[in-house]
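Residue numbers (this note's numbering): 24 to 292.
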């Protein structure tokens with residue numbers, strides 16, 4: 024079975040290698056794949072977005088281990104989430120918040136069966152001692168209910184969907200800024216339609232107005248530094264700049280409000 028790893032550990036230390044060893048100790052036949060270990064330290068929202076963007080690229084039954092865990096050793100619970108035909112293992116701190124919202128069939132388990140953990144359990148490294156062994160157990164075919172009890176009071180994030188205002192505009196926000204400075208918004212193709220774009224809708228981000236919507240980055244006539252909107256590979260509308268950082272040019276930040284304003288002649292609700 025496939026097991027993926029997503030962490031903020033970096034690759035200079037032993038942490039990632041130790042997690043892989045703990046998985047393989049339990050399940051020698053597991054295939055372990057790195058998604059990334061370069062999530063900014065303690066940045067739960069960045070981890071949640073990255074997991075959202077990539078989890079469906081892996082086949083059904085994949086075990087996704089996501090460890091961005093500033094609360095390790097505290098009262099925060101270790102979780103197993105079964106949803107969308109896949110498994111997710113990590114801390115109860117919101118890192119699976121977007122998965123809960125996208126996958127209506129999610130069932131969430133508090134990992135409390137100590138016999139499946141690596142002993143003794145370090146208070147600072149649950150990635151190795153709790154999450155990795157549980158991933159190995161899932162890889163061996165152990166069922167979620169054998170690993171913990173089902174719960175319903177898990178931590179969520181802000182709703183991912185943009186909100187529609189009374190005037191028909193869409194109130195959204197920047198949910199991620201990637202290493203190129205592209206500003207990923209939470210505007211999806213539903214409710215933002217091609218008809219709205221073609222009728223002259225525009226984006227407002229801070230003091231800046233974006234009127235151009237492109238199909239690809241280097242469309243004819245686009246100059247370096249030009250700012251425009253484009254559908255990104257994660258399925259959300261992004262504000263980007265050709266060969267430059269839109270975040271820097273627009274002084275944008277994650278969490279910043281973005282409004283999509285309908286054209287004056289667009290009377291649709």
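Yeah, the Cβ is synthetic: ideal placement off N, Cα and C, and Gly gets one too.
- Item | the region 142 to 161 / the region 39 to 46 touching (three or more Cβ pairs under 8 Å) | By the Cβ rule, the region 142 to 161 counts as touching the region 39 to 46, because three or more pairs are nearer than 8 Å.
- Query: Thinking C-alpha only, which one of 225, 202, 124 is nearest residue 269?
  - Reply: Cα-wise, what sits closest to residue 269 is 202.
- Query: Does the Cβ-Cβ distance between residue 86 and residue 60 come in under 9 Å?
  - Reply: No; because the gap between Cβ atoms is not below 9 Å, this pair is not in contact.
- Item | Span separating the alpha-carbon of residue 138 from that of residue 165 | A direct Cα-Cα distance of roughly 13 Å separates residue 138 from residue 165.
- Under 9 Å between C-beta atoms of residue 26 and residue 162: Taking 9 Å as the Cβ cut-off, residue 26 and residue 162 qualify as a contacting pair.
- Determine the closest residue to residue 229 out of 220, 240, 194, with distance taken between C-alpha atoms. Taking only the C-alpha atoms, the option nearest residue 229 is 194.
- Message: Let me confirm a value: residue 100 is counted as buried when at least 16 other C-beta atoms fall within 10 Å, else exposed. Which label applies?
- Response: A residue is called buried when at least 16 other Cβ atoms come within 10 angstroms of its Cβ; residue 100 meets this threshold and is buried.
- Selected residue, minimal CA-CA separation from residue 234, among 285, 51, 266, 58: Of the candidates 285, 51, 266, 58, the one whose C-alpha sits nearest the C-alpha of residue 234 is 285.
- Query: In whole angstroms, what separates the C-alpha of residue 29 from that of residue 110?
  - Reply: So the alpha carbons of these two residues sit roughly 13 Å apart.
- Message: In this structure, how does DSSP classify residue 27 when only helix, strand and coil are distinguished?
- Response: When secondary structure is reduced to three states using DSSP, residue 27 falls in the strand class.
- Task: Determine the DSSP secondary structure at residue 73, reduced to helix, strand or coil.
- Result: Residue state for residue 73 is assigned as helix, using DSSP reduced to three classes.
- Helix, strand or coil: how does DSSP classify residue 109 here? In the three-state DSSP reduction, residue 109 falls in the strand class (E or B).
- Message: Which runs of the alpha helix (DSSP H) at least 4 residues long sit entirely within the region 116 to 145? Give them in chain order.
- Response: Here the runs fully enclosed are 120 to 125.
- Message: Less than 8 Å between C-beta atoms, sequence neighbours within five positions excluded: which residues of the same chain meet that for residue 136?
- Response: Excluding positions up to five away in sequence, the list reads 169, 170, 171.
- Pick helix, strand or coil for residue 156, following the three-state DSSP scheme. Looking at residue 156 - three-state DSSP - the assignment turns out to be helix.
- Message: Only counting the same chain, and skipping five residues up and downstream in sequence, which positions put a Cβ closer than 7 Å to that of residue 254?
- Response: Close CB contacts of residue 254 within its chain, under the 7 Å cut and outside five residues either way in sequence, are with 260 (chain order).
- Would you tell me roughly how many angstroms separate the C-alpha atoms of residue 206 and residue 56, rounded to the nearest one? Approximately 27 Å between the Cα atoms of the pair.
- What span of residues does the beta strand (DSSP E) with residue 171 cover, start to end? DSSP places residue 171 in the uninterrupted beta strand (DSSP E) bounded by 171 to 174.
- Query: Measuring CB to CB, does residue 215 end up less than 9 Å from residue 264?
  - Reply: Contact flag unset, no.
- Query: Per DSSP, residue 101 is paired with what?
  - Reply: For residue 101, which the question treats as bridged, DSSP gives the partners 114.
- Item | Secondary structure, beta strand (DSSP E): runs of 3+ residues fully inside the region 173 to 247 | Correct list: 193 to 200, 206 to 211, 225 to 228, 231 to 233.
- Task: Report the option in 272, 177, 133, 281 whose CA atom is closest to the CA atom of residue 124.
- Result: Per the Cα distances, 177.
- Message: So, under 8 Å CB-CB, residue 89 and residue 70 are touching, yes? Tell me the CB distance rounded to an integer number of Å.
- Response: Separation of the CB atoms of residue 89 and residue 70 is rounded to 6 Å, and the pair is thereby assigned contact status at 8 Å.
- Option in 31, 38, 58 with minimal Cα separation from residue 64: By alpha-carbon distance to residue 64, the top candidate from 31, 38, 58 is 31.
- Could you tell me the distance, in whole angstroms, from the CA atom of residue 104 to the CA atom of residue 274? The alpha-carbon of residue 104 is positioned some 37 Å away from that of residue 274.
- Task: Please report how far the alpha carbon of residue 102 lies from the alpha carbon of residue 247, in whole angstroms.
- Result: Those two C-alpha atoms are separated by around 45 Å.
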